[in-house]
Amino acid sequence: MHPEFSRLKTPTLCAAYAALSIAGISLLGSQVYLDPTFENADTLCLAMAGVFLASSLIIPARLWGKVRHSTSLCFFFIALPLLCGYAIFIPPFTIPDEFTHINRVFNNQSMSELLVPSQLPDAYEWIEGYTAMGELLFSPFSYDDVKPTDFTASAYSTINYLIPSAIASLGKLLNVNGFFMLFVCRLADGLVYLGAAAWMLKTLPFGKRAASVFLLNPLLLQQEASCSADVLCNIGALCFVVQLIRMLSLPPERIRPIHWIQLIAFIALIAVCKYVYLILVLTALLLYPKIGSRKLRLALPGIFAIALMAAVFFIASRGYGETLNNLLTNGQLADLWPCIMNTATERGVFYLSMFFGGNLGWPLMHGSFVPPVVLIPRIWMLSAALLFLGFLFDSSPLVKIKAWQRVTMLVIACLTGFITFIALWDYKSVALDYYQSRYLIPAVFLALFALLPRWKTPLEKVPPQAFMALMALIGWAELGAVFLHFS
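In this text, residue positions in the sequence shown follow numbering that gives the first Met the number 0: the first is 0, and each later residue adds one.
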């Protein structure tokens, strides 16, 4: 085979796999929203879906020689259909706060009232199942008939919604049903995450086993295959951690300008997407000894101080200054620690279950069950156990990251979780019952690398591909529970 064709073979087959998977799952999804019981299903449509999905399985088999030696390629083949499934079979407006994010998708303005299509459900107006969503999907849709809404997620930057809002604008231009475009937006977000996660696994110098399990966490897949503002937040934060680990592992002479450019790009993405995660950026100071230029090393502390003051001023101007002022001046600081301890003892196991996919619908807050709450008992324990095993079976070389660097990473990870807690605390609650575990995704990912074992074990011979295959089974089992809930 000609070398040019040989180089194009894998990307071409991957593109074909993506097209077949998306087409097959989309056809299956259309039948679910038309008739979730399949009593009057379109036989031809189901047959085509089966042909597409069966054909897609030939491609990873054809590339098996590469798949079994490439963590990132294996992740691609496993995660792609999962992300498509989560994007399509979890109905819109059921993911945490998604109705506010969907408003921004259709009118992407920050810090202002929005005008959105009138047919969009109002806040807390639940779509209770596939049949109800199907009626909206296959009904006429008007972009001209609009209504104002106060639910704007206004603190988020327009960058957070850049991808889905561009797709929604295209749908408006082509006059395509807005509810249909929500699924396209979700698929696009999922594909962006897929590319970012594959890059992470390809870039990591170690820890790929634990990282591959983490990146297939059902909660993370749910978030990334949605219209949530956290799609790019999580991508920026997770990629930043990976780039940090990569650069810490390299000797100074092997760090090139492109590495610094990538790191700065991820920092910028964090800064514009979610201010509460800016504390993670402090870990970049661990790279200070690796800066080759003496002039830059001398100038950097001043640059950092100016950037820090600018960040504090900007965050305060966006409304968070009042939160900090109340905490420090109104005597509530003494009540914070008891609230943290009460939350950990009373709600700790519940929040742990949520982190590993114990609920793939609307968050269960204030003890109130609403139709989109999808509690999935027991399966989440398998996800947690698999991450723990992947963590134990992995290791980081002693020469890569020093002990003091690990401690610093762990402290900053804890501070990140602490700040997300403070941001939600109302100064009155004895224990928070409206915290959402998804806020801890970047912090836990950073802590994971800080705590990786520093010794090698015989269990390291178990390939990451085996862990990813097991996580895929868990992911599909959880999606099956979602299907049963909304059918």
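Backbone N, C-alpha and C fix where the C-beta goes; we use that ideal spot for every residue, glycine too.
Can you say whether residue i is buried or exposed, counting buried as having 16 or more other CB atoms within 10 angstroms of its CB?
i: I302; result: exposed
i: H68; result: exposed
i: K294; result: exposed
i: E127; result: exposed
i: K273; result: buried
i: Y123; result: exposed
i: V66; result: buried
i: H1; result: Confidence at H1 is low in this model, with a pLDDT of 46, below 50, so the placement of that residue should be treated as unreliable; the coordinate-derived value is given next. Per the 10 Å Cβ criterion, exposed.
i: S394; result: buried
i: F355; result: buried
i: L43; result: exposed
i: I57; result: exposed
i: I473; result: buried
i: N358; result: buried
Could you check how far apart the C-beta atoms of residue i and residue j are, in whole angstroms? I think they sit under 8 Å.
i: K399; j: L247; result: 7 Å
i: L19; j: S71; result: At roughly 20 Å, the Cβ-Cβ gap does not stay under 8 Å, so L19 and S71 are not in contact.
i: V241; j: M308; result: Not confirmed; about 28 Å, so no contact.
i: T157; j: V115; result: About 15 Å; that fails the 8 Å criterion.
i: L439; j: C338; result: Rounded, the Cβ-Cβ distance is 17 Å, inconsistent with contact.
i: I411; j: L279; result: 6 Å
i: V275; j: T419; result: 6 Å
i: S117; j: D144; result: 5 Å
i: R437; j: D188; result: With 8 Å as the limit, R437 and D188 do not qualify as a contact, their Cβ atoms being about 15 Å apart.
i: K289; j: I254; result: 6 Å
When the distance is taken between beta carbons, is residue j closer than 9 Å to residue i?
i: Q30; j: L45; result: yes
i: I94; j: G28; result: no
i: V348; j: G360; result: no
i: I421; j: L281; result: no
i: K207; j: P35; result: no
i: L214; j: G177; result: no
i: L268; j: F239; result: yes
i: F205; j: M467; result: no
i: A236; j: P441; result: yes
i: A60; j: L447; result: no
i: I101; j: P90; result: no
i: L79; j: I162; result: no
i: A48; j: I21; result: no
i: L220; j: Y350; result: no
i: P217; j: L478; result: yes
i: A167; j: V104; result: yes
i: R377; j: Y434; result: no
i: M470; j: S352; result: no
i: V224; j: L135; result: Correcting the residue type first, residue 224 is Ala in the shown sequence and not Val. No, Cβ-Cβ distance for A224 and L135 is not below 9 Å.
i: S109; j: A165; result: no
i: Y32; j: N107; result: no
i: V191; j: I260; result: no
i: L262; j: A270; result: no
For residue i, which three-state DSSP category applies?
i: K427; result: coil
i: L135; result: helix
i: N358; result: strand
i: K65; result: helix
i: F179; result: helix
i: F255; result: The question names Phe, yet the displayed sequence has Arg at residue 255. R255: coil per DSSP, three-state reduction.
i: C73; result: helix
i: C226; result: coil
i: A401; result: The displayed chain sequence assigns Lys, not Ala, to residue 401. K401: coil per DSSP, three-state reduction.
i: T93; result: coil
i: Y287; result: helix
i: S352; result: helix
i: K455; result: coil
i: L190; result: helix
i: A294; result: Before going on, a small fix: residue 294 reads as Lys here, not Ala. Note: K294 maps to helix in three-state DSSP.
i: G128; result: coil
i: L119; result: coil
i: T36; result: coil
i: F417; result: helix
i: P80; result: helix
Give the range of the alpha helix (DSSP H) segment to which residue i is assigned.
i: V115; result: Where V115 is concerned, there is no enclosing alpha helix (DSSP H), although the beta strand (DSSP E) it sits in stretches over 113-116.
i: K171; result: 161-173
i: Q242; result: 229-248
i: P441; result: 440-449
i: L388; result: 378-392
i: L218; result: 217-223
i: S211; result: 207-214
i: E97; result: 97-105
Locate the beta strand (DSSP E) running through residue i, then write down its first and last residues.
i: K460; result: Element bounds for K460: n/a, residue is neither H nor E.
i: P370; result: No beta strand (DSSP E) contains P370, which DSSP labels as neither H nor E.
i: V145; result: 145-148
For residue i, would you say it is in contact with chain B, using Cβ-to-Cβ distances shorter than 9 Å as the test?
i: A465; result: No chain B appears in the structure shown, which is made up of a single protein chain.
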